[in-house]
Every structure is written in structure tokens, then in C-alpha cells.
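Chemist:
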Amino acid sequence: MAVGNEKAPKEIICPGCGGVIKNTAFNPITDTCGAMLQDGWLCPECAYRLRPKYPMYYTEDEPTTLEKAPDAGRPILTMLRNDFLYADPLDPVNSTAFSYTSALRSDPLAKLRSDQIKDELASIDAYKQEVSKRFGGAKNVFEVLEVAPMPKLKPFCAGLPNIKRLKGTIAIAGNVRLGAFAAGDIVTVHHGGMRYSAKVLINRATTGFLRWWMFPNAIIGQPLPTVSTIDSSDLIPEKGGLTEGRHGVLVLSSEASDIAPGDALTLG
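First residue of the sequence shown: 217, per this note's numbering; consecutive thereafter.
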């Protein structure tokens, strides 16, 4: 795997499917790949197939400071982004180059080697069947990682209709391990040995923490504000729903008030 100034080929072969990934000065591998591996690169299609098992999201034990991305021997565009778009590490949510410089290293696929990829791809169908079986044959499964009540919203940011609509609701963040979830879905909440229903009001894809979505202008290391400045555009459900292998936020109706990390949502 070429990094720094070590020269890499203009075409890199994906260890999963044998497809070609471009690596040129203005289309560097860090742009064209689906994921960085320990010793190579994975194409977007193979990375997408592995996402149900290896969703991309940030965890608490990872540094929030920005890291420069490897240039794989094609440094021009990578250098421009690392050196000219390198932004404030104290404000990663609003940093221009944040996802570019940190997502490759934070991706769980970066822990895999090239010689593991074919076996991992072959195991995906069995993994999805096991997840479905664990929840009684459900076709859609969401893993709950974070939970928080929706905060007080600023009227001029969120809009009065959203303030009324979201009063008493619960925001959760987690991974879609199977299927998809969208606003309007009536889901089953699996809380301990209990089962009950709640409605999905908002679905938003994100790789960040729940608090980053709820408090977009919060400063890292400082207490969270008492009022959220989240914009009304971020309270609109995304078309197509939150799909398989994605990390994101769901806002649930007040019936889900006792939901907790480690719980799950199912549908169908």
C-alpha cells in the first residue's frame, strides 16, 4: 500500500472483485475508493456490500482531531485538500475537509487486510440471515447506539411547526443492519423483554455522534447548549429512508421514551 511520496499505480485492483480503481493526480485513490484497508484499497461496490456488517460511524474512543489522508503516490489533489482545506480541529462538524481526512482511518473496514475481503464478502448473506433470525425473521433491523430526548429548539432555526411536531419525541442514533427505515414507519421497539410500537418521524444519515446532529454549533470539550440551533432543513426526512449498512439518526414518537442503547427496532 503506497502512502506519502511512494509512487503507486494509476490503476489499483480491488481485492474483492478484481475491478479497477482509478488513482490519478486529480482522481486520487482516496476519492475513488470505497474504503482503505490495512494493506490496500477497496472499490465502492465491495465496500457497499460489506456495510451491513461494517457500517461507517465515529466512536467515542477515536480522536476528533483531523488527520491527513494518505496520498497513495498521487499527491496533487490530496495535498490541496490536506493543506488548503485543512480546517479547525475544534469544530470538526463544520470543517471543510473533516470527512475526507478522517473517515478513511475511522472506517472499520480499515482494520481488514486484502486477503480477508473475499471471505468477508462471501459471509454477508449468512450474516444478514442471522440478524433476521435473531429478530424473528424481521426484514428490517436497526441497532440502537445512542438515545436522547429531542432538545428545546430555536424557533427561528427549526420553525414553529417543527417545535410543535417534535415536542416530547426521542432521538436515537445507530446502524441499519438490515433493510431500511423511513419517516412514517411504525416500528417495533425491542427493549429488554418488552415489545411495543413507535412511529418514525425523521430519518437522517450521518456518521457522527447524536449530539453533533442535535447541537450542530456546539464546541468540542464544552458543555452542550440548552437550546439547539438545528436548522429546519436537517429536520426534513431524507428521501429513500435510512438504508442498509448506513449509520444515522431516527426521531421517534413519545411512545419510545424508555428506549435505551443496546435496544433494537424492527419492521416487517
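Here a beta-carbon is modelled for each residue, glycine too, at the ideal position from N, C-alpha and C.
#1: Does the distance between the C-beta of Asn356 and the nearest non-hydrogen atom of the ligand NAD fall short of 7 Å?
#2: In terms of residue numbering, what span does the beta strand (DSSP E) encompassing Phe358 cover?
#3: Verify whether the separation of the beta carbon atoms of Thr248 and Leu320 is less than 8 Å.
#4: Indicate whether the contact test is met: 3 or more Cβ pairs, each with one atom in the segment 347 to 357 and one in the segment 395 to 413, closer than 8 Å.
#5: Have a look at Glu261, Trp429, Ile340, Asp331 and flag the residue whose alpha-carbon is nearest the alpha-carbon of Ile374.
#6: Is DSSP giving Ala396 helix, strand or coil here?
#7: Decide if Gly352 is buried, meaning its Cβ has at least 16 other Cβ atoms within 10 Å, or exposed.
#8: Buried or exposed for Leu417, going by 16 or more other Cβ atoms inside 10 Å?
#9: Classify Asn391 as buried or exposed, calling it buried when 16 or more other Cβ atoms lie within 10 Å of its own Cβ.
#10: Enumerate in chain order the residues of its own chain whose CB-to-CB distance from Ala480 is below 7 Å, with the five nearest sequence positions on each side excluded.
#11: Does Arg267 come out as helix, strand or coil in the three-state DSSP assignment?
#12: Three-state secondary structure (DSSP) at Arg462?
#13: Mapping DSSP to helix, strand and coil, what is Thr246?
#14: Looking only at C-alpha atoms, which of Thr442, Thr422, Asn243 sits nearest to Phe431?
#15: Is there contact between the segment 224 to 239 and the segment 324 to 341, where contact requires at least three CB pairs shorter than 8 Å?
#16: Can you tell me whether DSSP reads Ser315 as helix, strand or coil?
#17: What are the residues that DSSP puts in a beta bridge with Gly408?
#18: Quick check: what's the CA-CA separation for Ile379 versus Asp450?
Modeler: Once the coordinates are examined:
#1: Among the components of this structure there are no ligands whatsoever, and the ligand NAD is therefore not found.
#2: Here residue 358 refers to the residue found at position 142 when the sequence shown is read from its first residue. From DSSP, the beta strand (DSSP E) with Phe358 extends over 356 to 365.
#3: Residue numbering aside, residue 248 sits at position 32 when the sequence shown is read from its first letter. Residue numbering aside, residue 320 sits at position 104 when the sequence shown is read from its first letter. Cβ distance not < 8 Å, so Thr248 and Leu320 don't count as in contact.
#4: These segments touch.
#5: Indexing the sequence shown from 1 puts residue 374 at position 158. At residue 374 the sequence reads Ala, which differs from the Ile that was named. For the set Glu261, Trp429, Ile340, Asp331, the Cα lying nearest the Cα of Ala374 is the one of Trp429.
#6: Taking the sequence shown and counting its residues from 1, the one referred to as residue 396 is at position 180. Strand, per DSSP.
#7: Within the sequence shown, numbered from 1, the residue matching residue 352 stands at position 136. Of the residues assessed, Gly352 falls on the exposed side of the cut-off, its CB having fewer than 16 other CB atoms within 10 angstroms.
#8: As a first step, residue 417 is located in the sequence shown; it is residue number 201 there, counting from the start. A residue is called buried when at least 16 other Cβ atoms come within 10 angstroms of its Cβ; Leu417 meets this threshold and is buried.
#9: By one-based count along the sequence shown, residue 391 stands at place 175. Residue environment analysis places Asn391 among the buried positions, since at least 16 neighbouring C-beta atoms fall within 10 angstroms of its C-beta.
#10: Translated into the one-based positions of the sequence shown, residue 480 becomes position 264. Take Ala480, set aside five residues on each side of it, and the residues of its chain with a beta-carbon closer than 7 Å to its own are Phe351, Val357, Phe358, Glu359, Val360, His406, in chain order.
#11: As a first step, residue 267 must be located in the sequence shown, where it is residue number 51. Coil at Arg267, not helix or strand.
#12: Here residue 462 refers to the residue found at position 246 when the sequence shown is read from its first residue. Arg462 falls in the coil class under three-state DSSP.
#13: Taking the sequence shown and counting its residues from 1, the one referred to as residue 246 is at position 30. In this structure, DSSP gives Thr246 a helical state, which the three-state scheme calls helix.
#14: Taking the first residue of the sequence shown as 1, we reach residue 431 at position 215. It is Thr442 whose Cα lies nearest to the Cα of Phe431.
#15: Output reads yes: the segment 324 to 341 touches the segment 224 to 239.
#16: Taking the first residue of the sequence shown as position 1, residue 315 is located at position 99. A caution first: Ser315 carries a pLDDT of 41, below 50, which makes its placement in the model too unreliable to give a value.
#17: Position 192 of the sequence shown, counted from the first residue, corresponds to residue 408. The partner list for Gly408 (beta bridge, DSSP) is empty, contrary to what the question assumes.
#18: Sequence index remark: in the sequence shown, residue 379 carries index 163 (1-based). Sequence index remark: in the sequence shown, residue 450 carries index 234 (1-based). Between the alpha carbons of Ile379 and Asp450 lies a distance of about 13 Å.
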